[in-house]
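Residue numbers 475 to 1193, in the numbering used here, belong to the letters of the sequence shown in order.
A short write-up of the structure that comes next.
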Amino acid sequence: MTSDDVRHLHLRAAGTSVALELSGGLLPVVRHWGSDLGPLGDDDLAGLALAAGAARGDSPFDVADRVSVVPEHALAWIGRPGVEGSRSGRDWSPALRTTGEPEVSTLPDGTQRLLVRSADTTAHLGLDLELELHPGGLLRLRATLTSTGGGRYDVGAVRLGLPVPERAGELLDFTGRHTFERIPQRRPFGAGVHSREVRTGRTGLDAVHLLCAGEPGFGFRSGQVWAVHLGWSGNQQTYAERLSNGARLLGSGEALEHGEVSLGPGESYATPWVYAAHGTGLDEVSGRFHAWLRSRPHAPTRPRPVTLNTWEAVYFDQSFERLTALADLGARVGAERFVLDDGWFGGRRDDTTSLGDWTVSPDVWPDGLGPLVEHVHRLGMEFGLWVEPEMVSRDSDLARAHPEWLFSGGGRPGLESRQQHVLDLGHPGAYAHVHDQLLDLLHRHDIAYLKWDHNRYLNDAGHTPGGEAGVHAHTLAAYRLMDELVAARPGLEIESCAGGGGRIDLGVLDRCVRVWASDCIDPLERQQIQRWTFALLPPGWVGTHVGSPRSHTTGRRHDLSFRAQTALWGHMGIEWDLTAADEDELVELAAWVRLHKQQRDLLHGGTVVNGDHHDDDTWVHGVVAPDRSRALYDVASLRRAPSGPGRVRLPGLDPDRRYRVSAPDPAAGLPGVLPRTLSMSVPWARAGVVLTGRVLDEIGIPMLPLLPEHAHLVHVTEV
Ligand code: GLA
């Protein structure tokens, strides 16, 4: 990579190449984003630019030959433009040209960075583009648009796009709803725009999560895949666009409402970062996101504490006696953090009231929270607290004193959802109110952790008194609030929760270290929710709890072994009224927590792998140590399979090394595994077997016949 007279730039990291053409004063044109092309000289790159240019167009009427990362109509891109906006109808189609040499640098962590400044002097606009390739192969881009003169420039959208090749013929993204997040949906990459838009002011239970385009039939281990994700917790759009001439692009940006961002001379608007990863199979794509998060300055370096959360244990029925009894049992089974959920503040005895009044309830906690916090600390656990700082109940001192701080579109108070409204943090007074109340709590008590909830849409979110759209400002203010609290209380950890997994994105994860993946902790549902949440986040960042024997959201009953083996894989926790558990259950739960702690470095530091099992009734996933000396797999039977249990392949090991494969100690009892199995039908299970990584990946091993809705672990260690 050279910095003088850069016409072509080839960035390479961890098996990814990004070849950029920087010629003719244009914004960078991506000529290749995908597998590593190996070292290429200037001549090779010039050839590549020709080879990767327009291969389409048997018609003289086609003009679009190249698309920059900010697609421009002025360059004959006939799809969605990168910049939309105008000055009362003028300057709506900018033609941005570079204003100096591109700046190429390498950051201390090895990230390769490109900064290109550009302007359209006729439209009085400037645009700075930043593009970074992280050592783990994750690419990210953002743009800053500046109005350099004239009247106000109303920004409609600033989107960034990356081209993908024609063979990316299939799309995968996600939808979902409360207690049922991360439902994958696949479709052919047809002509037109497949756009996922969020207008609810948060990432969404139905978030796109990752938008992937890949070779048809791509799986976890096979098929090339290109994926994008927007690091933003407000309104957004992420889309796949295929033009009639065959060009394909994945794009993303914030979804702005009319008038939401209006730039005066010299004012700027910065887009959120668009993240992008390529890989052979989804596992490689996920690995790039995982490497990125694990390398962030705020990434946790200490083991993730096993968490006891009070919500499904007691709901609003809080008392010192009840919660200390729960804490005692939590400590006994190995919990390391106790999180007091909703119901500790104001008059909050149910969910109709008191959001916004972040002071300890004198009715429930006449002596304050101090005695409970001390009790928890004496048991050797950290103390954490649930808050929902962006929300307000009509029945609250806050709403009575400042009704004008509630979002209100068109003079309407807005529809309630879960009997609550949204506090518009765009009002400095509203911001100061929650900031000061939360800071006061953090000063009064040794609170190591906030579970930060967000249970209502920000739809129809008008900033009073004028009613202007307020989600953009609110989202930035929520980020600032988190940042300021963490700065004021170093070491404070924040979990992002939004009615479960409604705010999971790399924007909020710049300040949070855990997400609550779903309000559903039925392990059968959780297998799916976690599989796909882990597609973006490393397991140590995802809260996974053992619930009660009968799921509160589905009514299903599951053995503790399946509940615990499902929770084992993430940031493990317990959300179950342990005072209702019997002695056997407590002993077994303690054993699962012990196993989690023994394997925690592998579970949270390893490479996530998923098997492309031949049927969808059995799922195989695991983690492989970075040096590939050991691995742990989970084989889960979701339903009875028509062809029987079959053989499972264990991916991700070193093909040439030899490994001992063992099932858990049969003497410990294996609930869910048919009893005759170990001695009869699956000979390897009793004594283990030594096989190469290649054999384990190519051929696999017969699985233990499992009852449906059960799982078992497979330990793999290099010999
Ligand atoms: C949301 C969260 C739950 C719990 C409740 C409390 O639903 O997702 O985990 O904290 O709020 O009201």
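Glycine included, every Cβ here is placed at the ideal spot set by N, Cα and C.
All of these numbers come straight from a predicted model, not from anything done at the bench.
Beta carbon of residue i, beta carbon of residue j: below 8 Å?
i	j	result
T572	R591	yes
L966	A922	yes
S736	R823	no
L980	R1030	no
P658	F648	yes
W1043	Q1004	yes
L853	A805	yes
W1050	S1022	yes
A773	G611	no
V492	L607	yes
W860	L829	no
T784	L803	no
L880	G675	no
L679	R651	yes
I978	A681	yes
L704	Q710	yes
S970	W1006	no
R811	G738	no
G1167	L1127	yes
Rounded to whole angstroms, how far is the Cβ of residue i from the Cβ of residue j, which I believe are closer than 8 Å?
i	j	result
L501	V557	So it is not a contact: roughly 10 Å between Cβ atoms.
H1087	V1094	5 Å
G708	T938	Actually they do not touch by this definition, with Cβ atoms about 19 Å apart.
L1106	H1019	Actually they do not touch by this definition, with Cβ atoms about 20 Å apart.
R1121	P1176	5 Å
V780	W700	Contact flag wrong, Cβ pair sits at about 37 Å.
L1187	D1108	6 Å
R660	E644	6 Å
R656	Q1002	7 Å
L646	G693	Not confirmed; about 10 Å, so no contact.
H1070	M1046	5 Å
L549	V748	With a Cβ gap of about 19 Å, L549 and V748 do not count as contacting.
N929	G973	5 Å
R963	L916	5 Å
V1067	V759	So it is not a contact: roughly 32 Å between Cβ atoms.
Check for me: the beta strand (DSSP E) holding residue i runs from which residue to which?
i	result
S1136	R1132 to S1136
Y713	Q710 to R716
R988	R988 to W990
H1184	H1184 to E1192
D1108	R1104 to S1111
P779	Here P779 belongs to no beta strand (DSSP E), and DSSP marks it neither H nor E.
F663	That residue, F663, is in no beta strand (DSSP E); it is neither H nor E in DSSP.
T649	E644 to R651
E810	No beta strand (DSSP E) holds E810; DSSP gives it neither H nor E.
G844	Careful: G844 lies outside any beta strand (DSSP E), inside the alpha helix (DSSP H) at G844 to R852.
Could you spell out the range, first to last residue, of the alpha helix (DSSP H) harbouring residue i?
i	result
L1069	E1057 to G1079
V945	V945 to A962
F763	L756 to R768
Q911	P902 to R918
T573	Counting along the chain, T573 falls outside any alpha helix (DSSP H), and DSSP gives it neither H nor E.
I1048	Note, I1048: premise wrong, no alpha helix (DSSP H); beta strand (DSSP E) at H1045 to I1048.
E856	From DSSP, E856 is part of no alpha helix (DSSP H) but of the beta strand (DSSP E) over E856 to V861.
W700	Where W700 is concerned, there is no enclosing alpha helix (DSSP H), although the beta strand (DSSP E) it sits in stretches over Q698 to L704.
Excluding the five sequence neighbours on either side, which residues of its own chain have a C-beta within less than 7 Å of the C-beta of residue i, listed in chain order?
i	result
Q792	G817, W818 and V838
R1198	Summary: the structure shown does not reach residue 1198, with the chain confined to residues 475 through 1193, and so no result is reported for it.
V1193	R1132, Y1133, R1134 and V1164
In chain order, what residues of the same chain lie with their CB nearer than 6 Å to the CB of residue i, ignoring the 5 residues before and after it?
i	result
Y905	L899 and A951
V1163	V1135
D478	Unreliable positioning characterises D478 in this predicted model, as indicated by a pLDDT of 44, which lies under 50. The coordinate reading is nonetheless provided below. Counting only Cβ-Cβ distances below 6 Å, and skipping sequence neighbours, we find nothing.
V632	V557, A617, L619, G727 and T745
L723	G635, P637 and E715
A522	Note that residue 522 is Leu in the sequence shown, not Ala. Excluding residues within five positions, the ones whose Cβ falls inside 6 Å are A493 and R505.
H598	T622, G623 and G624
L485	V492, Q586 and L607
P609	A487 and G584
G1174	R1121, V1122 and R1123
Return the chain-ordered list of same chain residues with a C-beta closer than 8 Å to the C-beta of residue i, the five sequence neighbours on each side being excluded.
i	result
G733	D628, E942 and A943
Y953	S707, G981, V982, D984 and R985
T476	Because the pLDDT of T476 is 40, which lies under 50, any placement of that residue in the model is unreliable, and the number read from its coordinates should be weighed accordingly. The residues are V578.
V866	L829, G830, L872, A873, W879, L880, Q894, H895, V896 and L897
A935	G675, F881, G883, G888, V896, D898, A943, G944, V945 and H948
Quiz prompt | Residues passing the C-beta test against ligand 2 heavy atoms, cut-off 7 Å | solution = Summarising the ligand content, the structure contains ligand 1 and does not contain ligand 2.
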